[in-house]
Structure formats: structure tokens, C-alpha cells
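Some notes on the structure that comes next.
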Amino acid sequence: MSEHQQSTEEIKKVDHYLDSGFKIKYVYENLSGMFVEFARQEEVILMQILTADARKYFSAKLQEQTLLQ
Numbered sequence: 264m265s266e267h268q269q270s271t272e273e274i275k276k277v278d279h280y281l282d283s284g285f286k287i288k289y290v291y292e293n294l295s296g297m298f299v300e301f302a303r304q305e306e307v308i309l310m311q312i313l314t315a316d317a318r319k320y321f322s323a324k325l326q327e328q329t330l331l332q
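So for the sequence shown, this note's numbering puts the first residue at 264; every next one is plus one.
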């Protein structure tokens, strides 16, 4: 899979979780990528974001969520 396709899939997943009512609860970044924990009531989903474009997109969404609180 090309990097563009992978980043597009990761961005779609981020949008899907946020559109489904999940909130960003925890973010951890290391050399293996970015790990994001989404939470909705008692449900928790862990997602790994590997591509730089998807990490930039996620950072913008995190800022957006922070401003709305």
C-alpha cells in the first residue's frame, strides 16, 4: 500500500471515530508512530497512526476539540 493510501485510510478512521461521538482521551507518540486513545462513555478504542500526513491531520483535530471544550 502506498503512503498516500495509508494516510487516507488513517484520516478516514480518525474522522469516523470523531463523527461517531468519540473524544480524544490520550495521545502517546514514539518512534513507532502516534498512539491515540478514543473514548465514548465506557467504550475505548486504541489507534496507531503511522503516516506524517495523518499525524498532522490528527493534531489539527486535537486542537479543534480542545478549543470547543
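Cβ coordinates follow ideal geometry from the N, Cα and C atoms, glycine included.
Identified DSSP bridge partners for residue i
{"i": "A302", "result": "K286 and V307"}
{"i": "E292", "result": "M297"}
First through last residue of the alpha helix (DSSP H) which encompasses residue i
{"i": "L313", "result": "That residue, L313, is in no alpha helix (DSSP H); it is neither H nor E in DSSP."}
Proximity to residue i [Cα-Cα], best of the options
{"i": "L330", "options": "K275, E266 and K286", "result": "K286"}
{"i": "Y291", "options": "L281, R303, M310 and E273", "result": "M310"}
{"i": "S295", "options": "Y280, V307 and A315", "result": "A315"}
{"i": "S322", "options": "H267, R303, Y289 and Q268", "result": "Y289"}
Buried versus exposed call for residue i [16 or more other C-beta atoms within 10 Å across all chains shown]
{"i": "E305", "result": "exposed"}
{"i": "V277", "result": "buried"}
{"i": "M297", "result": "buried"}
Any non-hydrogen atom of the ligand FAD within 7 Å of residue i CB
{"i": "Q269", "result": "Judged by which ligands are present, the structure shown has none, so any question about the ligand FAD falls away."}
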